[in-house]
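Undergrad: Starting off with a structure, shown below.
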Ligand SMILES: [Zn+2]
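Numbering (this note's numbering), first residue to last: 21 to 395.
Have a look at this one:
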């Protein structure tokens with residue numbers, strides 16, 4: 021909380037120095053925060069895009085999977101496709117055995133939904149004694165290349181690709197008995213572990229050096245750019261953290277008491293979020309009704325899962341950081357206990373088997389720069 025308060029004070033001072041409004045409202049915060057972020061880190065998407073040509077990023081994510089798990093990806097042109105923009109790969113494991121078919125559908129087109137996601141056409145399962153290997157796909161909406169310019173990704177899009185590929189790995193590595201319990205068929209707060217953990221590699225020089233090269237000059241991404249990416253990722257992390265915790269607490273509060281006792285939606289909301297809301301509530305608004313991750317969307321007290329998944333992924337990634345981001349011993353343990361195990365056992369059992377203990381929430385605070393101590 022003290023980090024969030026300090027960040028807010030810093031922002032208020034910045035707004036004052038820039039002749040912003042004196043009577044600050046909630047909606048002023050993101051606008052000025054974005055301006056301050058740009059000034060502090062002097063790095064924007066356009067500066068980074070040339071280092072993230074789509075083909076290079078794909079090679080980078082494949083190389084990451086190769087170094088961690090020994091997987092190889094062979095492009096196939098003989099597999100039927102639902103659209104010509106889709107690319108298909110045969111994936112082989114470290115022993116050279118067929119692991120999965122991987123589909124990549126990266127560009128927008130008429131009728132295609134916005135956003136990015138992973139999906140599975142065939143789930144892994146054992147059927148009639150045969151191990152049916154999965155067919156999984158990741159779908160994104162990156163800018164399509166033109167004749168004169170390749171598809172150049174923003175850093176956010178790079179992390180999106182790694183994120184979705186992490187889900188795809190979960191699907192491809194599946195090795196259980198029942199289709200309903202393998203791959204990504206796990207509890208809601210565990211499904212984001214394989215995806216979120218893979219995003220961590222995007223912030224590591226050792227990984228970026230594998231693929232982040234200028235598309236025209238071939239020059240590797242400068243170290244100070246990498247540092248700025250890391251620094252800016254923690255910009256106002258205190259405020260971001262209490263915002264998520266506030267929303268999760270509100271969601272949980274709605275679903276953990278007798279609605280009969282709640283007489284005013286607005287008053288209830290204000291009392292629940294008093295600890296995490298640093299700005300005065302806007303009378304005409306109501307987060308409980310407008311935030312679409314409380315009642316709709318199937319969350320219903322599940323919104324905490326995003327933050328909890330961050331706790332697990334930060335702690336799991338520290339296991340890699342301790343021994344090396346491509347360390348085989350840690351990668352093998354993660355493959356065995358998380359990626360290939362699906363929902364065959366309770367996540368806490370699987371996680372403890374991987375890490376040797378429960379997840380330490382301090383790992384996330386360390387990564388977010390909210391406590392200063394080394395691992
Ligand atoms: Zn995800």
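In this text, a Cβ means the ideal position worked out from N, Cα and C, and glycines have one as well.
Predicted model, so just to flag it, every value in this text is computed and none were measured.
1) Helix, strand or coil for residue 2? Go by DSSP, reduced to three states.
2) Quick one: is residue 457 buried, meaning 16 or more other Cβ sit within 10 Å of its Cβ, or exposed?
3) Which residues bound the beta strand (DSSP E) around residue 107?
4) May I ask which residues mark the beginning and end of the alpha helix (DSSP H) holding residue 184?
5) Could you name the residues of the same chain whose beta carbon sits closer than 8 Å to that of residue 174, not counting the 5 residues immediately before and after it, in chain order?
6) Note the first and the last residue of the continuous beta strand (DSSP E) segment covering residue 383.
7) So, residue 251 versus residue 61, is the Cβ gap smaller than 8 Å?
8) Could you work out which residue in 261, 271, 156, 244 is closest to residue 317 when comparing CA atoms only?
9) Just the Cα atoms here: how many angstroms apart are residue 388 and residue 257?
10) Considering only C-alpha positions, which residue in the set 275, 262, 276, 306 is nearest to residue 297?
11) Residue 140: which of 148, 193, 166 sits nearest, CA to CA?
12) For the structure I just gave you, are there three or more beta carbon pairs, one from the stretch 228-246 and one from the stretch 353-370, closer than 8 Å?
13) Should residue 155 be counted as a contact of ligand 1 given a C-beta to heavy atom distance under 7 Å?
14) Can the beta-carbon of residue 85 be found closer than 8 Å to that of residue 213?
15) Can you tell me the Cα-Cα spacing of residue 160 and residue 150, whole angstroms?
16) Restricting to Cα atoms, I'd like to know which of 210, 356, 218, 79 is closest to residue 326.
17) Checking the sheet assignment: what are the DSSP bridge partners for residue 96?
TA: On the basis of the data shown:
1) Residue 2 is absent from the model: the chain starts at 21 and stops at 395.
2) This structure does not reach residue 457, given that the chain is present from 21 up to 395, and the question cannot be answered.
3) Position 87 of the chain shown holds residue 107. Residue 107 -> beta strand (DSSP E) spans 107-112.
4) For the purposes of this step, residue 184 is identified with residue 164 of the chain shown, where counting begins at 1. Taken as a continuous stretch (DSSP letters only), the alpha helix (DSSP H) holding residue 184 covers 175-193.
5) By 1-based counting over the chain shown, the position of residue 174 is 154. Closer than 8 Å at the Cβ level, and outside the excluded window around residue 174, lie 65, 68, 69, 72.
6) If you number the chain shown from 1, residue 383 lands on position 363. No beta strand (DSSP E) contains residue 383, which is instead part of the alpha helix (DSSP H) from 382-387.
7) Mapped onto the chain shown, residue 251 falls at position 231. Mapped onto the chain shown, residue 61 falls at position 41. In this structure, residue 61 lies closer than 8 Å to residue 251 by Cβ.
8) Against the chain shown, residue 317 aligns to sequence position 297. Ranking 261, 271, 156, 244 by Cα distance to residue 317 puts 271 first.
9) Locating residue 388 in the chain shown gives position 368, counting from the first residue. Locating residue 257 in the chain shown gives position 237, counting from the first residue. Taking the straight line joining both Cα atoms gives about 6 Å.
10) Here residue 297 refers to the residue found at position 277 of the chain shown. It is 262 whose Cα lies nearest to the Cα of residue 297.
11) The residue given as residue 140 occupies position 120 in the chain shown. Comparing Cα positions, the closest option is 193.
12) no
13) Residue 155 sits at position 135 when you count from the first residue of the chain shown. No, ligand 1 has no heavy atom inside 7 Å of this Cβ.
14) Translated into the one-based positions of the chain shown, residue 85 becomes position 65. Translated into the one-based positions of the chain shown, residue 213 becomes position 193. Going by C-beta atoms, residue 85 is not nearer than 8 Å to residue 213.
15) In the chain shown, the residue the question calls residue 160 occupies position 140. In the chain shown, the residue the question calls residue 150 occupies position 130. In a straight line, the C-alpha of residue 160 is about 32 Å away from that of residue 150.
16) Counting from one through the chain shown, the residue named residue 326 turns up at place 306. Selected option, being the one with the closest Cα: 210.
17) Indexing the chain shown from 1 puts residue 96 at position 76. In DSSP, residue 96 forms a bridge with 108.
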